[in-house]
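Quick mapping for you: the protein sequence lines, in order, are chains A and B. Numbering that gives the first Met the number 0 puts the first residue of the first sequence at 0, with every later residue one more than the last. Numbering that gives the first Met the number 0 puts the first residue of the second sequence at 0, with every later residue one more than the last. Virtual Cβ for every residue (Gly too), placed ideally from N, Cα, C. The structure presented is a predicted model; accordingly, all values stated were derived computationally and were not measured.
2 protein chains.
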Amino acid sequence: MSTFVARKKTSPKRGKARTEAILDAAIELLAEVGYDRMSMDMVALRAKASKATIYRHWPDKTALVLAALRRRGGMVSDLPDTGSLRGDLELYARESAAAAAGVAGSLVVGLLAVASHDPELAAVLAQQFHYEQLPAITALVDRARGRGEVSPGVDHLLISEVLPGTLIMHLLVLGLPADEPFIHHLVDDVLMPLLIR
Amino acid sequence: MSTFVARKKTSPKRGKARTEAILDAAIELLAEVGYDRMSMDMVALRAKASKATIYRHWPDKTALVLAALRRRGGMVSDLPDTGSLRGDLELYARESAAAAAGVAGSLVVGLLAVASHDPELAAVLAQQFHYEQLPAITALVDRARGRGEVSPGVDHLLISEVLPGTLIMHLLVLGLPADEPFIHHLVDDVLMPLLIR
Chain A
0 MSTFVARKKT
10 SPKRGKARTE
20 AILDAAIELL
30 AEVGYDRMSM
40 DMVALRAKAS
50 KATIYRHWPD
60 KTALVLAALR
70 RRGGMVSDLP
80 DTGSLRGDLE
90 LYARESAAAA
100 AGVAGSLVVG
110 LLAVASHDPE
120 LAAVLAQQFH
130 YEQLPAITAL
140 VDRARGRGEV
150 SPGVDHLLIS
160 EVLPGTLIMH
170 LLVLGLPADE
180 PFIHHLVDDV
190 LMPLLIR
Chain B
0 MSTFVARKKT
10 SPKRGKARTE
20 AILDAAIELL
30 AEVGYDRMSM
40 DMVALRAKAS
50 KATIYRHWPD
60 KTALVLAALR
70 RRGGMVSDLP
80 DTGSLRGDLE
90 LYARESAAAA
100 AGVAGSLVVG
110 LLAVASHDPE
120 LAAVLAQQFH
130 YEQLPAITAL
140 VDRARGRGEV
150 SPGVDHLLIS
160 EVLPGTLIMH
170 LLVLGLPADE
180 PFIHHLVDDV
190 LMPLLIR
C-alpha cells in the first residue's frame, strides 16, 4: 500500500533519484558481498526502495547488475576524434583504464567468477566488456584509415582483444596501477605496432 | 595416533600417491566450492588423508592451492628451442592456452575474485601467472636475438603482459576457445608484430 502511494506521488526528478539510489546500492552490494550472494531484498533495503519499484525497472538481478555497470563505467561508448591515431588510442586506453579501476577490480573479477558458472551473466559481461565497444573502435580505426595512418589489411579488432586483456592482466592479475607511463607503454609499445607495420 | 602409525608405514611411493590425492582433492574443491569456501577439513575428507598429513606438506591453504595449481598447469616454465622465433612463440602460446584451459577458467577467475580481497593470495597468483614465467620468456627472446630475429630495443617483457592478457580476455571474458586458428592469430597478428618492427 505504501509503495502504491509513493509511486503515485513520484515526480520525474524523484523517480530519477530513486533509480540512482537503487543502482548505487547494487554497485555497493556487488563490491561488498559479490554477485551470487547479493539479493533483490538486500538492494531494496539498502536503497530504501520497495522490491516492486526495483522490479518495475529491471526484471531480474542480471538486468539490474548490467544497468549498474553501465552507469558506473566499464563502457567506452564514444571516442571523440582527437586528430591523430595516437591521440585517439591514448584517450581510449585512458578511459578504459579509468573505467576498469572505477568499477573496481574486485567487482569485475567477482562477476567473472560467477559468470563461469552462469552462461546468462557471462553473455551479459561479454556484451558489456567487448561487443558494445566494437562500434567505437571501428570508428576510431576508420578515422585513422581516412588519415592514411593504418597499414592496409590490418585486423583492427585486434585492439579490442589486446587492450582490455592487457589491462586485466596489469590491473587485476598483477595489481599494478594503470598510470600515465603504463598508458603510454600500452599505446606506443603495444597498440601502435599492431596497427602500423 | 592412527596418523602417526600411517606415517611410519608410508613408503616413498605411497607418500607420493597420497600427496597427489591431496592436490587432486584441492583442485576439485577449488572448482566446486571456490577458494574462500574450501577448507583444509574438506580437502582431508575428499583425499582420505589426515589434516596432520596435509599440514606436514603445506603450512596453509594458500600454500596448498599454489602447489595444486603448479602441478595442474598454469605454468610455462620450460620452453624448448624450436629453431625459430615463430615456432617458439607458437609453442608458448599453445602451452599457455592449454594451461589456462586445463586449470579451468572458473578456477582462475574464482581465485582472482578472492585475491582482490586477499593480498597474500594475490601475490601468489601474480607470482604464478607472471613472475615465474619471466625467465622462460627472457630465454626465448634471447635465442631470437641470437638469430637476429628481434628488432633491437624491443621491450621483450611485453609478450609476458600481452599474451596472458589476451588469453584471459578470449577464454574467460568472451568464453571463446583457444583453438589453432586463434593460436596463429595471437602469434602472427599480435606477438610477432610486437617483437619485429
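query                                                                                                                      : result
Of the listed residues P79(A), V64(A) and L171(A), nearest to F212(B) (C-alpha basis)                                      : Residue 212(B) lies beyond the stretch modelled for chain B, which goes from 0 to 196, so this question has no answer here.
Sequence-distant residues of the same chain with beta carbon closer than 6 Å to E89(A), five excluded per side             : V186
Against chain B: residues of the stretch 162-176 of chain A by CB proximity under 8 Å                                      : P163, G164, T165, L166, I167, M168, H169, L171, V172, L173 and G174
Partner residues on chain A for D40(B), Cβ-Cβ distance less than 7 Å                                                       : What D40(B) touches in chain A: nothing, since even the nearest Cβ is about 22 Å away.
V186(B) - DSSP class collapsed to helix/strand/coil                                                                        : helix
Length at least 3, wholly inside the stretch 137-192 of chain B: the beta strand (DSSP E) runs in chain order              : none
Within-8 Å CB hit, G109(B) to chain A                                                                                      : yes
Under 7 Å from the C-beta of V189(B): neighbouring residues of chain A                                                     : L157, V161 and L193
Chain B contact for H129(A) (CB, 8 Å cutoff)                                                                               : yes
Short CB-CB distance (under 8 Å) between S115(A) and chain B                                                               : yes
For T61(A), the first and last residue of its enclosing alpha helix (DSSP H)                                               : K60 to R70
is_contact[A121(A), chain B] using C-beta, thresh 8 Å                                                                      : yes
Beta-carbon gap between I53(A) and M39(A) smaller than 8 Å                                                                 : yes
Coarse secondary structure for L124(A), derived from DSSP in three states                                                  : helix
Cut-off 6 Å between Cβ atoms - residues of its own chain near M41(A), not counting five sequence neighbours on either side : L28
Beta carbon proximity, R196(B) to chain A, threshold 8 Å                                                                   : yes
Other residues of its chain near L139(A): CB distance less than 7 Å, five sequence neighbours each side excluded           : L78, D87 and Y91
C-alpha gap between R13(A) and V161(B), whole angstroms                                                                    : 46 Å
Endpoints, the alpha helix (DSSP H) within which A43(A) is located                                                         : M39 to A46
Segment limits, alpha helix (DSSP H) that includes R17(A)                                                                  : P11 to V32
Same chain, Cβ closer than 6 Å to R93(B), five either side skipped, listed in chain order                                  : I182
8 Å Cβ cutoff, L124(B) in contact with chain A                                                                             : yes
Nearest-angstrom Cβ-Cβ length linking R70(B) and L110(B), presumed shorter than 8 Å                                        : Going by Cβ atoms, the distance from R70(B) to L110(B) rounds to 15 Å, so no, they are not a contact pair.
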